[in-house]
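**Q** Sharing a structure below in structure tokens format, with a few things to ask.
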Amino acid sequence: MVSRHAQSDIHDIHQIHELLRECHINSLIGWDIDNTIYEPDPLFSDLGSDQWFASLLECARQLLDSKNDACQVSITLFREVHYLISVKPVEPKTVKMIHLLQDVNLPTLAITARGTDILDLTMDQLNQIDIHFSKQWGDISFELDIGEKNDPPYFHHGVIFCNGHDKGTCLQAFAKQAARHYERSNLDPEIKQYAILTLRQLSRQKLDVILVDDKEKNLHVVKALAKRNGWSYTGLRYAHLDEKVRNFDMTKATHQLIQMQERLSFSGRAAAKKLEIDTLHQNTRSMTLLQRHSFLAHHRIGRPVKGETQEMTERLMNSFG
């Protein structure tokens with residue numbers, strides 16, 4: 001790991017070990033979670049994946065009269081499915097990579113667009129694959145003030161839950177507000193000192209920020225933040241699962257959901273009934289190409305969805321990015 005001059009850059013990587021080329025002694029590394037750290041176990045194919053949720057939402061919007069109902073049904077089924085599936089690292093080396101960065105004391109945290117409604121689930125999934133961002137940041141939790149009363153972002157044990165807000169805004173709030181929470185905490189003195197020192201270095205433009213994310217739109221919003229703050233920045237668009245996303249089969253995923261219906265909770269079964277999963281299964285064959293195109297547009301460059309529900313849909317898509 002060698003030092004480099006300040007820069008701002010976004011480019012693709014296909015293997016997680018390529019991250020090491022960008023790291024140096026003053027790096028802070030942020031990790032997206034879905035399709036970057038982990039994905040659904042192959043036993044469940046794409047059920048529960050980002051690409052599945054995007055397609056489910058699009059199908060629901062076409063099948064249900066109420067756009068709000070479509071959103072709520074999709075969120076409920078995403079949450080219910082994740083309680084029943086297991087996850088695995090996108091690459092076998094991913095867990096070792098995070099451990100290595102932590103062992104050499106490079107600040108490492110997660111920045112997920114997921115919401116706090118699945119906070120415990122998300123932490124359990126990270127624990128399943130032996131990833132613990134609290135190793136450096138401690139067991140501390142606090143809201144991040146972005147001037148938004150509804151669903152504000154939240155920092156928990158080394159993970160920033162953006163609750164659908166853009167990652168640049170949430171990282172900015174963390175950089176500005178976290179130090180005072182640590183100063184008032186009763187954490188282990190070593191962890192407390194490490195976190196405060198890291199945050200001070202970040203505020204003084206002495207850290208170079210690296211973000212690993214499979215969605216290019218997230219990399220660009222953080223790049224804009226880095227430019228405003230005078231940070232050196234590298235955005236790594238993690239392309240390891242691009243081929244899998246291109247080959248996503250909604251018909252197969254819906255068939256798996258039908259088989260799983262009896263294991264859903266009451267609210268999950270109600271959501272499945274509302275969506276008429278059997279009807280959805282019949283319709284997905286003709287809709288698969290549409291869903292794939294729709295998701296890839298968001299996945300690669302984050303184009304907005306047109307129409308009256310643009311803002312709502314974008315926020316919802318972000319929530320599971």
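The sequence shown begins at 1 in UniProt numbering and counts up by one. Where a beta carbon is used, it is the ideal one built from N, C-alpha and C, also for glycine.
Measuring alpha carbon to alpha carbon, tell me which residue in Q201, I140, K96, P89 is nearest L28.
**A** Of the candidates Q201, I140, K96, P89, the one whose C-alpha sits nearest the C-alpha of L28 is Q201.
**Q** Just the Cα atoms here: how many angstroms apart are L144 and L187?
**A** Their backbone Cα atoms lie some 19 Å apart in a straight line.
**Q** My understanding is that S267 touches T76, with C-beta atoms under 8 Å, so please give their C-beta distance in whole angstroms.
**A** That pair is a contact at about 6 Å.
**Q** Within this structure, are the beta carbons of E80 and S265 separated by less than 8 Å?
**A** Cβ distance < 8 Å, so E80 and S265 count as in contact.
**Q** Our contact map puts R236 next to L211 with C-beta atoms below 8 Å; I'd like the distance itself, whole angstroms only.
**A** Checking the sequence, you will find Leu at residue 236 rather than Arg. Rounded, the Cβ-Cβ distance is 7 Å, consistent with contact.
**Q** Taking L171 as the reference, which of D249, E91, N218, D214 has the closest Cα?
**A** Taking only the C-alpha atoms, the option nearest L171 is N218.
**Q** Can you tell me the Cα-Cα spacing of A110 and V159, whole angstroms?
**A** If you take the alpha carbons of A110 and V159, they lie about 5 Å apart.
**Q** Taking the alpha helix (DSSP H) that A195 falls in, what are its first and last residues?
**A** Note, A195: alpha helix (DSSP H), 189-203.
**Q** Checking 8 Å against the spacing of the C-beta atoms, do P92 and I37 come in under that value?
**A** Cβ distance not < 8 Å, so P92 and I37 don't count as in contact.
**Q** Starting from residue 328, trace the beta strand (DSSP E) in both directions and tell me its first and last residue.
**A** Outside the displayed span of the chain (1 to 321) sits residue 328, for which this structure offers no information.
**Q** Roughly how many angstroms lie between the CA atoms of T116 and H156, to the nearest whole one?
**A** Going by the C-alpha atoms only, they are around 9 Å apart.
**Q** Just how far apart, CA to CA, sit H24 and Q193?
**A** Using only the alpha carbons, I get a separation of about 21 Å.
**Q** Kindly indicate the opening and closing residues of the beta strand (DSSP E) around K88.
**A** K88 -> beta strand (DSSP E) spans 87-89.
**Q** Using the beta-carbon count (16 or more within 10 Å), is P189 buried or exposed?
**A** Label assigned to P189: exposed.
**Q** Buried or exposed: which applies to A70, given that a residue is buried once 16 or more other Cβ atoms fall within 10 Å of its Cβ?
**A** Burial call: buried.
**Q** Should A239 and S203 be called a contact, given that it needs their Cβ atoms to be closer than 8 Å?
**A** Contact flag unset, no.
**Q** Would you kindly work out how many angstroms separate the C-alpha atoms of S286 and F248, rounded to a whole number?
**A** Because S286 sits at a pLDDT of 44, beneath the cut-off of 50, its placement in the model cannot be relied upon, and the following sentence gives the value as read from the coordinates. Each residue's alpha carbon lies about 14 Å from the other.
**Q** What residue range is occupied by the uninterrupted alpha helix (DSSP H) comprising H99?
**A** Taken as a continuous stretch (DSSP letters only), the alpha helix (DSSP H) holding H99 covers 93-103.
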